[in-house]
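S.K.: Read top to bottom, the protein sequences are chains Z and S.
In this text, residue positions in the first sequence follow the numbering used here: the first is 226, and each later residue adds one.
In this text, residue positions in the second sequence follow the numbering used here: the first is 226, and each later residue adds one.
The following block contains the structure, expressed as structure tokens.
Number of protein chains: 2
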Amino acid sequence: MAFDATPQNRISNECLVCPVNQCLGRSGGGCSTRTGFETLASRRAVMPGSGALYHVGDSLRSLYSVRAGCLKAYTVDAEGNERIRGFYLPGDAIGLDAIGEGRCMSTVVAVAPSQVCVAPLDELKPLMLRQPLLATRMIEQTSRELALALSLSGDFTADQRLAAFLLYMRQRLGGGALRLPMSQRDIGNYLRLATETVCRTLKSFGRKNWIAPGERLIRIIDEYALQRLAAPVGLLHDHTDWAQAA
Amino acid sequence: MAFDATPQNRISNECLVCPVNQCLGRSGGGCSTRTGFETLASRRAVMPGSGALYHVGDSLRSLYSVRAGCLKAYTVDAEGNERIRGFYLPGDAIGLDAIGEGRCMSTVVAVAPSQVCVAPLDELKPLMLRQPLLATRMIEQTSRELALALSLSGDFTADQRLAAFLLYMRQRLGGGALRLPMSQRDIGNYLRLATETVCRTLKSFGRKNWIAPGERLIRIIDEYALQRLAAPVGLLHDHTDWAQAA
DNA sequence: CGGTTCCTTGAGAGAACTCAACGTCGGTGG
DNA sequence: CCACCGACGTTGAGTTCTCTCAAGGAACCG
């Protein structure tokens with residue numbers, strides 16, 4: 226359902242070497258320690274517009290681990306307004322916020338061609354009992370997601386939020402030019418800013434020569450200026466290598 | 226340090242029957258299942274003004290579980306502004322957002338005479354390996370905290386935020402009249418509202434006869450009105466009994 | 001080409017903030 | 001006992017940041 230193998234619905238399925246560093250199945254840089262996650266996770270391609278990974282209110286059946294692409298989690302309130310609760314990038318686990326209630330707190334769809342690992346809870350739970358390392362990894366992931374949500378939940382100016390967002394995305398997506406997977410509308414919705422405000426703010430960054438904006442391809446010129454602006458948000462405390470935590 | 230046994234620094238230490246339902250050491254209503262948490266957790270009284278449970282940047286040494294009272298977690302940005310990231314009520318676990326980084330993301334102090342269980346990580350980690358139920362419980366707690374943070378992070382009006390907050394606190398603190406443990410200043414800071422706005426909004430609720438305000442003792446009269454207002458926040462989806470999740 | 005989605009730019013409106021002052025309460029000490 | 005102090009709550013007036021509304025341009029796709 227919703228995941229028919231349309232012609233385009235195939236991304237490199239033959240990625241035997243996991244490109245994701247902080248995947249639940251990986252201990253970090255190397256393959257040294259296994260959590261057992263990889264023994265049960267199957268892979269699935271998710272395309273924008275081809276349906277949701279799950280819907281708000283669904284009972285949680287599986288956890289997902291992003292290998293490639295970008296997905297967004299959102300809810301729709303009574304007035305029909307979409308509220309983006311987060312983006313998932315390679316290495317992120319999807320569904321962690323549903324474990325507490327046992328029910329999905331949001332609808333998750335792809336905003337870019339993506340690939341996720343699917344781990345059914347039925348199999349995941351018994352595995353957790355045998356593989357405590359997996360549980361540890363999941364707690365860490367949830368903890369990080371929590372810290373992120375708390376950081377962005379402050380009342381900051383549009384400048385601050387956007388600067389923090391850009392820096393965060395650059396850190397997550399790697400060096401060089403920053404290619405944003407999501408639309409400005411999505412960014413604004415996520416950061417609680419009007420689309421127009423996102424646009425204006427990006428322009429203003431460009432005018433100050435802090436970034437070189439192409440529509441979705443952004444080159445960060447004055448990283449220090451952005452960092453100074455984003456400091457109060459406290460998103461990137463230090464460049465801790467997450468892989469080593471445990 | 227900071228926790229000298231001042232005369233007033235003693236709360237009922239002899240609570241053999243844990244008053245907390247969702248404590249990490251408890252499975253829920255009864256004592257049926259043990260996680261082993263209670264075997265290692267010592268108890269500690271924390272008073273407002275008597276120092277912090279831990280400070281932002283500290284390396285995480287222990288997790289805490291609130292038995293009584295109320296604590297707040299906050300950070301201070303470069304300009305010296307306090308930013309409250311959350312309140313901890315009986316049943317909440319403290320320190321979960323630090324597990325990912327291994328470093329405390331906030332400073333935690335009591336806002337009311339409180340009592341917490343202290344579980345050193347040194348002992349908690351090995352225990353988790355032997356007691357997978359404890360790991361599950363921790364993931365659930367973190368997951369719930371995450372869902373809460375995400376709910377309140379939306380851009381809602383002062384009315385909506387405050388209504389949602391009141392209802393949430395009432396649910397957590399139990400029926401009858403609502404005795405808020407924290408100041409309006411703290412509430413405003415937490416909800417990203419100016420103190421004045423909190424005050425004015427509460428007054429307006431009173432004028433509409435939705436609540437009967439005494440300074441910190443609030444009686445909720447028209448709960449439905451508040452719920453209608455707070456609905457978009459999506460804080461209280463349903464009255465799920467958390468105790469049964471697993 | 002039409003249609004759609006996304007981005008851009010401008011002008012006006014509104015919700016919440018800031019600043020400033022005052023009242024109240026509970027301690028503390030002369 | 002009363003004066004003083006600090007923390008907290010209350011109330012008013014002006015300001016500002018961001019949103020809303022409106023419209024147009026650019027890119028993409030069937």
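Virtual Cβ for every residue (Gly too), placed ideally from N, Cα, C.
Decide yes or no for the touch test of the stretch 375-386 of chain Z against the stretch 325-339 of chain Z: beta carbon pairs closer than 8 Å, at least 3 of them.
M.R.: Judged by Cβ distances under 8 Å, the stretch 375-386 of chain Z makes no contact with the stretch 325-339 of chain Z, as fewer than three pairs qualify.
S.K.: Taking M272(Z) as the reference, give the member of G401(Z), I445(Z), I324(Z), K297(Z) with the closest Cα.
M.R.: For the purposes of this step, residue 272(Z) is identified with residue 47 of the first sequence, where counting begins at 1. For the residues G401(Z), I445(Z), I324(Z), K297(Z), the minimum Cα distance to M272(Z) belongs to K297(Z).
S.K.: Measuring straight from C-alpha to C-alpha, what distance separates H325(S) and L371(Z)?
M.R.: Counted from its first residue, the second sequence places residue 325(S) at position 100. Counted from its first residue, the first sequence places residue 371(Z) at position 146. Sequence check: residue 325(S) is Gly here, not His. Computed Cα separation, rounded: 9 Å.
S.K.: What are the partner residues of V423(S), as DSSP defines its beta bridges?
M.R.: Here the question's residue 423(S) lines up with position 198 in the second sequence. Paired residue(s): none; V423(S) is not in a bridge.
S.K.: State the Cα-Cα distance for the pair Q452(Z) and Q340(S), rounded to the nearest angstrom.
M.R.: Stepping through the first sequence from its first residue, residue 452(Z) is reached at position 227. Stepping through the second sequence from its first residue, residue 340(S) is reached at position 115. Answer to the nearest angstrom: the Cα atoms are 39 Å apart.
S.K.: Taking beta-carbon pairs under 9 Å, can you tell me which members of the stretch 301-313 of chain Z lie near chain S?
M.R.: From the stretch 301-313 of chain Z, only D302, A303, E304, N306, R308, R310, G311 have a Cβ closer than 9 Å to chain S.
S.K.: To the nearest angstrom, report how far apart L427(S) and V281(Z) are at their CA atoms.
M.R.: Counted from its first residue, the second sequence places residue 427(S) at position 202. Counted from its first residue, the first sequence places residue 281(Z) at position 56. About 32 Å.
S.K.: Please list the terminal residues of the continuous alpha helix (DSSP H) segment that includes F390(Z).
M.R.: For this step, residue 390(Z) is matched to residue 165 along the first sequence. Taken as a continuous stretch (DSSP letters only), the alpha helix (DSSP H) holding F390(Z) covers 383-398.
S.K.: Name the two residues that bound the continuous alpha helix (DSSP H) containing F262(Z).
M.R.: Taking the first sequence and counting its residues from 1, the one referred to as residue 262(Z) is at position 37. Its alpha helix (DSSP H) spans residues 262-265.
S.K.: For L346(S), which residues of its own chain have a beta-carbon under 8 Å away from its beta-carbon, when the five flanking residues on both sides are left out?
M.R.: Taking the first residue of the second sequence as position 1, residue 346(S) is located at position 121. Cβ neighbours of L346(S) beyond the five flanking positions: L285, R286, S287, L288.
S.K.: Who are the Cβ neighbours of Q409(S) in its own chain at under 8 Å, not counting the five residues just before and after it?
M.R.: The residue labelled residue 409(S) in the question sits at position 184 within the second sequence. Correct list, in chain order: T420, V423, C424, L427.
S.K.: Pull up the distance between the alpha-carbon of L352(S) and that of F262(S), whole angstroms please.
M.R.: For the purposes of this step, residue 352(S) is taken as the residue at position 127 of the second sequence. For the purposes of this step, residue 262(S) is taken as the residue at position 37 of the second sequence. One C-alpha to the other measures close to 8 Å.
S.K.: What number of angstroms, rounded off, separates the C-alpha of A402(S) from the C-alpha of R404(Z)?
M.R.: What you label residue 402(S) is simply residue 177 of the second sequence in a count that begins at 1. What you label residue 404(Z) is simply residue 179 of the first sequence in a count that begins at 1. Distance between the alpha carbons of A402(S) and R404(Z): 52 Å.
S.K.: Output yes or no for whether 8 Å exceeds the beta carbon distance between I319(Z) and V301(Z).
M.R.: Position 94 of the first sequence, counted from the start, is the residue given in the question as residue 319(Z). Position 76 of the first sequence, counted from the start, is the residue given in the question as residue 301(Z). Against a cut-off of 8 Å, the Cβ pair of V301(Z) and I319(Z) comes out as no contact.
S.K.: Alpha carbon to alpha carbon, how far is P315(S) from L416(S)? Give it in angstroms, no decimals.
M.R.: Translated into positions along the second sequence, residue 416(S) becomes position 191. Translated into positions along the second sequence, residue 315(S) becomes position 90. Approximately 20 Å, taken between the alpha carbons.
S.K.: Measuring only between beta-carbons, confirm whether G413(S) sits less than 8 Å from chain Z.
M.R.: Here the question's residue 413(S) lines up with position 188 in the second sequence. So, not an interface residue.
S.K.: Would you identify the three-state DSSP class for G254(S), choosing helix, strand or coil?
M.R.: Taking the second sequence and counting its residues from 1, one reaches residue 254(S) at position 29. The pLDDT assigned to G254(S) is 48, lower than 50, so where the model puts this residue is not dependable, and the model offers no usable value.
S.K.: Comparing the C-beta of L375(S) with each C-beta of chain Z, is any distance below 8 Å?
M.R.: The sequence position of residue 375(S) within the second sequence is 150, counting from 1. Yes - at least one Cβ of chain Z is within 8 Å of the one on L375(S).
S.K.: Could you spell out where the alpha helix (DSSP H) holding Q409(Z) opens and where it closes?
M.R.: Looking up residue 409(Z) in the first sequence gives position 184. Note, Q409(Z): alpha helix (DSSP H), 409-416.
S.K.: Which one or two residues does DSSP pair with V301(S) in a beta bridge?
M.R.: Walking along the second sequence from the start, residue 301(S) turns up at place 76. E307(S).
S.K.: Considering only the alpha carbon of each residue, which of G274(S), A437(S), K433(S) lies closest to P454(S)?
M.R.: For the purposes of this step, residue 454(S) is taken as the residue at position 229 of the second sequence. The sequence shown places Leu at residue 454(S), rather than the Pro named in the question. Here the closest residue by C-alpha is K433(S).
S.K.: Could you check the C-alpha separation between A293(Z) and R369(S) for me, to the nearest Å?
M.R.: Position 68 of the first sequence, counting from 1, holds the residue named residue 293(Z). Position 144 of the second sequence, counting from 1, holds the residue named residue 369(S). Distance between the alpha carbons of A293(Z) and R369(S): 27 Å.
S.K.: Buried or exposed for L359(Z), going by 16 or more other Cβ atoms inside 10 Å?
M.R.: Taking the first sequence and counting its residues from 1, one reaches residue 359(Z) at position 134. Buried, by the Cβ-count rule.
S.K.: Nearest to V343(Z) by CA position, among A437(Z), L278(Z), G459(Z), G274(Z), is which residue?
M.R.: Taking the first sequence and counting its residues from 1, the one referred to as residue 343(Z) is at position 118. For the residues A437(Z), L278(Z), G459(Z), G274(Z), the minimum Cα distance to V343(Z) belongs to L278(Z).
S.K.: What are the boundary residues of the alpha helix (DSSP H) that I364(S) is part of?
M.R.: What you label residue 364(S) is simply residue 139 of the second sequence in a count that begins at 1. Residues 357-377.
S.K.: What residues from chain Z crowd round S368(S), counting only those whose CB sits closer than 8 Å?
M.R.: Here residue 368(S) is taken as the residue at index 143 of the second sequence, counted from 1. Result: L321, D322, A323, I324, G325, E326, T367.
S.K.: Pick out whichever of E307(Z), E304(Z), K350(Z) has its Cα sitting closest to the Cα of T260(Z).
M.R.: Locating residue 260(Z) in the first sequence gives position 35, counting from the first residue. When only C-alpha atoms are compared, the closest one is K350(Z).
S.K.: With DSSP as the reference, identify every bridge partner of C329(S), one or two as the case may be.
M.R.: On the second sequence, residue 329(S) is found 104 positions in, with the first residue counted as 1. Partner(s): none; C329(S) has no beta bridge.
S.K.: Can you list, in chain order, the residues of its chain with a C-beta nearer than 6 Å to that of L442(S)? Leave out the 5 residues immediately preceding and following it.
M.R.: In the second sequence, the residue the question calls residue 442(S) occupies position 217. Within the same chain, L442(S) has close Cβ partners A402, R404.
S.K.: Using 8 Å for Cβ pairs, my map puts P457(S) next to F381(S). What's the rounded Cβ distance?
M.R.: Within the second sequence, the letter at position 232 stands for residue 457(S). Within the second sequence, the letter at position 156 stands for residue 381(S). With a Cβ gap of about 6 Å, P457(S) and F381(S) count as contacting.
S.K.: What does the alpha-carbon distance come out to for the pair T231(S) and G276(S)?
M.R.: Looking up residue 231(S) in the second sequence gives position 6. Looking up residue 276(S) in the second sequence gives position 51. For T231(S), the predicted structure reports a pLDDT of 41, less than 50, and the residue's modelled location is therefore unreliable. The matter cannot be settled from this model.
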